[in-house]
Every structure is written in C-alpha cells, then in structure tokens.
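A.B. asks: Below is the structure I would like to discuss, written out as structure tokens.
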Amino acid sequence: MDEDELITGHLQELRRGTVVLACLLRLRTPDYGYALLEALDTLGFSVDANTLYPLLRRLEKQGLLTSEWNTDESRPRKFYSTSPEGEQMASALTDDWGRIDDSLRRLIRGEDS
Numbered sequence: 001m002d003e004d005e006l007i008t009g010h011l012q013e014l015r016r017g018t019v020v021l022a023c024l025l026r027l028r029t030p031d032y033g034y035a036l037l038e039a040l041d042t043l044g045f046s047v048d049a050n051t052l053y054p055l056l057r058r059l060e061k062q063g064l065l066t067s068e069w070n071t072d073e074s075r076p077r078k079f080y081s082t083s084p085e086g087e088q089m090a091s092a093l094t095d096d097w098g099r100i101d102d103s104l105r106r107l108i109r110g111e112d113s
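Structure representation (structure tokens):
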C-alpha cells in the first residue's frame with residue numbers, strides 16, 4: 001500500500017462517524033437524499049451516494065430519522081428529517097465531538113497532560 005492509499009484510508013475512517021452527525025444536524029430541515037448529498041459536499045463532507053443512502057436507511061431503522069414521500073412534484077422524493085431521538089443523539093455526539101476537538105487541539109499544541 002502506498003502512502004496516498006494509506007492517507008486516504010485513514011481519512012475515510014476519520015470522516016465515517018462525522019457523516020452520521022452531519023446528517024442528523026443537516027436534516028433538522030427535511031430534505032431528500034440527493035439534495036442532502038450536495039449540501040454535505042458543499043460543506044466539505046464528501047460522501048458517496050452508495051454510502052449515504054444505506055446510512056439514511058440505517059438511521060431511519062434506528063429511529064434517528066423519519067421519512068415521508070413527497071408526491072407533489074413530477075418525481076416522488078423521500079424526504080428525511082431528524083426525529084426527537086435523533087436530536088438527542090445529535091446533542092450527545094456534538095458534546096463528545098467538542099471534548100475530542102478540545103483534546104486534539106491540546107495535543108497539537110503539545111499540552112499532553
């Protein structure tokens with residue numbers, strides 16, 4: 001494995017958990033999959049559609065997202081939104097993210113104690 005592949009693999013691992021939190025936060029405003037994909041990309045979360053759609057289904061199955069079909073337009077779209085349980089999860093993940101961020105910043109500055 002060359003260095004680029006190694007870096008790419010570790011970056012994917014680092015981002016994997018952040019995508020869950022990003023979806024829960026972004027879907028406080030209901031949206032459909034493709035629009036969410038574009039919004040996340042604009043925010044710097046590069047997520048492949050083959051990763052996002054199964055994630056949305058999993059989060060819905062876990063009760064963290066709700067969904068409903070919008071058939072008002074020519075093409076029906078499934079809109080997802082963060083459930084009350086998803087809001088609680090987003091809050092817990094955001095709190096932990098803050099602690100991790102603080103710890104990493106201290107390590108970067110060399111404050112390891």
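Residue numbers (UniProt numbering): 1 to 113.
A virtual CB, placed ideally from N, CA and C, is assigned to each residue, including glycine.
1) Mapping the DSSP letters down to three states, classify T51 as helix, strand or coil.
2) S81 lies in the beta strand (DSSP E); which residues open and close that run?
3) Since I believe D31 is in contact with Y80 (beta carbons under 8 Å), could you give me their beta-carbon distance rounded to a whole number of angstroms?
4) Kindly identify the DSSP beta-bridge partner or partners of D4.
5) Classify M1 as buried or exposed, calling it buried when 16 or more other Cβ atoms lie within 10 Å of its own Cβ.
6) Evaluate A35 with the Cβ neighbour count: other Cβ atoms within 10 Å of its Cβ, from every protein chain shown; 16 or more gives buried, anything less gives exposed.
7) Give me the DSSP bridge partner(s) of residue 114.
8) What is the DSSP secondary structure of S46, reduced to helix, strand or coil?
9) Taking all protein chains shown into account, decide if S103 is buried (16 or more other Cβ within 10 angstroms of its Cβ) or exposed.
10) Roughly how many whole angstroms lie between the Cα atoms of R106 and R99?
11) Around the Cβ of T8, are there at least 16 other Cβ atoms within 10 angstroms (buried) or fewer (exposed)?
C.D. replies: Taking the coordinates as given:
1) helix
2) That run of the beta strand (DSSP E) goes R77 to T82.
3) Rounded to the nearest angstrom, the Cβ distance from Y80 to D31 is 7 Å, consistent with a contact under 8 Å.
4) BP columns for D4 are empty, so no partner.
5) Exposed.
6) exposed
7) The structure shown does not extend to residue 114, since the chain spans only 1 to 113, so no value can be given for it.
8) coil
9) exposed
10) Answer to the nearest angstrom: the Cα atoms are 11 Å apart.
11) Its Cβ having fewer than 16 others within 10 Å, T8 is exposed.
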